[in-house]
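Right, one structure below, let's go through it.
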Amino acid sequence: RPVSHVSGIHFLQIPGPTNVPERVLRAIDRATIDHRGPEFQRLSLEIACLLHPVFGARGPIVIYPSSGSGAWEAALVNTLSPGDRVLMAETGQFATLWSRIATRLGLDLDMIPGDWRHGADPDAIGERLAADTAHAIKAVAIVHNETSTAVTSRVAEVRAAIDRAGHPALLMVDTISSLGSIEYRHDDWGVDVTVAGSQKGLMLPPGLAFNAISEKALAASRTARLPRSYWAWDDMLESTRTGWFPYTPATNMLYGLREALHMLDEEGLANVYARHARHGEATRRAVQGWGLELVALDPREYSNSLTAISVPEGFDADALRATILERFNMSLGTGLGKLKGRVFRIGHLGSFNDLMLAGTLCGVQMGLDIAGIPHGDGVTPALAQLTNPAPALALSR
Ligand code: PLP
Numbered sequence: 002r003p004v005s006h007v008s009g010i011h012f013l014q015i016p017g018p019t020n021v022p023e024r025v026l027r028a029i030d031r032a033t034i035d036h037r038g039p040e041f042q043r044l045s046l047e048i049a050c051l052l053h054p055v056f057g058a059r060g061p062i063v064i065y066p067s068s069g070s071g072a073w074e075a076a077l078v079n080t081l082s083p084g085d086r087v088l089m090a091e092t093g094q095f096a097t098l099w100s101r102i103a104t105r106l107g108l109d110l111d112m113i114p115g116d117w118r119h120g121a122d123p124d125a126i127g128e129r130l131a132a133d134t135a136h137a138i139k140a141v142a143i144v145h146n147e148t149s150t151a152v153t154s155r156v157a158e159v160r161a162a163i164d165r166a167g168h169p170a171l172l173m174v175d176t177i178s179s180l181g182s183i184e185y186r187h188d189d190w191g192v193d194v195t196v197a198g199s200q201k202g203l204m205l206p207p208g209l210a211f212n213a214i215s216e217k218a219l220a221a222s223r224t225a226r227l228p229r230s231y232w233a234w235d236d237m238l239e240s241t242r243t244g245w246f247p248y249t250p251a252t253n254m255l256y257g258l259r260e261a262l263h264m265l266d267e268e269g270l271a272n273v274y275a276r277h278a279r280h281g282e283a284t285r286r287a288v289q290g291w292g293l294e295l296v297a298l299d300p301r302e303y304s305n306s307l308t309a310i311s312v313p314e315g316f317d318a319d320a321l322r323a324t325i326l327e328r329f330n331m332s333l334g335t336g337l338g339k340l341k342g343r344v345f346r347i348g349h350l351g352s353f354n355d356l357m358l359a360g361t362l363c364g365v366q367m368g369l370d371i372a373g374i375p376h377g378d379g380v381t382p383a384l385a386q387l388t389n390p391a392p393a394l395a396l397s398r
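Per UniProt numbering, the sequence shown runs over residues 2 to 398.
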């Protein structure tokens, strides 16, 4: 272990798992109770209520003891039948991974190609649907916040494009790195299945995953024929009404979830989203000051939960990350898939404040110095933005 790691705290600035607040850690650190007893039932029903505002959903939200990938699979197997066509948009690594699950399940994938620098294109989706007069496409599945590229898709515009095409396809949205950090509205945006995970905006360790379910998705699940057992909604839905899970729930994670939901409620969701917007903007000002390039190209799609940054030609982003870890005890996100070595990512989602961002940006700037990557001063404009917020810059390159 490097000497620099012996004292002080580790900066976990990957875009999830995120820093787990003390309050949540203390809530988890209790004896496990009987999951068939009255105390558990109260816990479970309280969580069922507290989850609704965070998803912007009035309908049921099921909770799986799994990573987010389980909730991806659950969304598909509960609503679709073998050979059903699914329309997806290649926004980056996570859209690609979700599409692989669809293909493995025997679904007919129609992937709109992408450059990994833009979100799902509402017009392209609308055109595909308008051309599908036989309604072969049964679902449109997109990633709200593509964690590999720091691009946020415009879900409301995708919904509007589906409506303009008059197409009955279900809309499924992955919010794993946006929920609880970037505004999201399951009901208002007409989303049928929202996929989420515990380890990012919800400030928990990894280990819980969610499906928020619309009436239309519930109806689809009654005729869907893909095989399912562990992921089947029907038994899980019981838990949202009675508090009893069909199998052993992740009890201690649920203690943590209740505490995290109380924290979001105390701060107020609008304030939470504004905090992340400030941090996103300050980080982008740092990138501009450094003279580095954002992966995201469209200012309307800049992510407020993380920032993905390209290193100049001839430099290795993973070597920079390794230097920063070694010298300053900070973990940054690696480039994923085809961005490996070319991109590093700064997570600013979940439990996070101004001084954590200031420390993070200082660590990156010092790392750039040591790695010999030519750069300007990004810290000063970022701190100025935190002290005295100015309107968002359109940093399109
Ligand atoms: N979707 C997105 C947007 C993600 O960021 C991740 C993980 O980082 C996943 C899906 C997969 O979730 P998990 O790794 O929890 O299975």
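Here a beta-carbon is modelled for each residue, glycine too, at the ideal position from N, C-alpha and C.
Worksheet entry | Thr92 - containing beta strand (DSSP E), residue span | Thr92 -> no beta strand (DSSP E), and no H or E assigned at all.
Practice prompt. Assuming Phe345 and Ser5 form a contact by the criterion Cβ under 8 Å, report the distance between their Cβ atoms to the nearest whole angstrom.
Written response: Not quite, the Cβ-Cβ distance comes to about 19 Å (not below 8 Å), so this is no contact.
Worksheet item: CB of Pro207 to nearest heavy atom of the ligand PLP: below 7 Å?
Response: At a threshold of 7 Å, Pro207 counts as near the ligand PLP, since its beta carbon sits closer than that to one of the ligand's heavy atoms.
Worksheet item: Where are the beta strand (DSSP E) runs, 3 residues long or more, that stay fully inside the stretch 225-260, in chain order?
Response: As far as the stretch 225-260 is concerned, it has no whole beta strand (DSSP E) run of at least 3 residues.
Worksheet item: Taking the C-alpha atoms as reference points, what is the distance between Arg242 and Arg229?
Response: For Arg242 and Arg229, the distance between alpha carbons rounds to 21 Å.
Worksheet item: Is it right to say Lys339 is buried, meaning 16 or more other beta carbons lie within 10 angstroms of its own, or is it exposed?
Response: Residue environment analysis places Lys339 among the exposed positions, since fewer than 16 neighbouring C-beta atoms fall within 10 angstroms of its C-beta.
Practice prompt. Note down, in chain order, each residue of its chain lying with its Cβ closer than 8 Å to the Cβ of His53, except the 5 sequence neighbours on either side.
Written response: Only residues of its own chain outside the window of five on either side were considered, and among them Arg59, Ile62 have a CB closer than 8 Å to the CB of His53, listed in chain order.
Item to complete: Compare the C-alpha of Ala318 against each of Met331, Leu265, Phe95, Thr335 and name the closest.
Response: It is Thr335.
Discussion item. Taking its Cβ as the centre, do 16 or more other Cβ atoms sit within 10 Å of Pro123, making it buried, or is it exposed?
Written reply: So Pro123 counts as buried.
Worksheet item: I think Met204 touches Ser352, with their Cβ atoms under 8 Å apart; what is that distance to the nearest whole Å?
Response: Distance from Met204 to Ser352 at the Cβ level is roughly 5 Å; contact confirmed, criterion being Cβ atoms closer than 8 Å.
Worksheet item: How would you call His136, buried or exposed, if buried means at least 16 neighbouring beta carbons within 10 angstroms?
Response: Its Cβ having fewer than 16 others within 10 Å, His136 is exposed.
Item to complete: Would you list the one or two residues that DSSP bridges to Ala142?
Response: For Ala142, which the question treats as bridged, DSSP gives the partners Met89, Met173.
Worksheet entry | Rounded Cβ spacing between Arg285 and Leu295 (contact assumed at less than 8 Å) | Yes, Arg285 and Leu295 are in contact; Cβ-Cβ is about 7 Å, under 8 Å.
Item to complete: Return the CA-CA distance between Gly281 and His349, expressed in angstroms with no decimal places.
Response: Roughly 7 Å separates the two Cα atoms.
Worksheet item: Exposed or buried, Tyr248, counting other C-beta atoms within 10 Å across all chains shown (16 or more means buried)?
Response: So Tyr248 counts as exposed.
Discussion item. Distance check for Thr148 and Val194, CA to CA, integer angstroms please.
Written reply: In a straight line, the C-alpha of Val194 is about 19 Å away from that of Thr148.
Practice prompt. Jot down the residue ranges of each uninterrupted alpha helix (DSSP H) in the stretch 8-58, minimum 4 residues, whole runs only, in chain order.
Written response: Whole alpha helix (DSSP H) segments, 4+ residues: 23-29, 39-56.
Practice prompt. Would you grab the beta carbon distance between Gly120 and Ser82 for me? Rounded to a whole angstrom, and I think it's under 8 Å.
Written response: Actually they do not touch by this definition, with Cβ atoms about 29 Å apart.
Worksheet item: Contact check, Ile177 vs His277 under 8 Å by CB: the rounded distance?
Response: Actually they are not in contact, since the Cβ atoms of Ile177 and His277 sit about 15 Å apart, beyond 8 Å.
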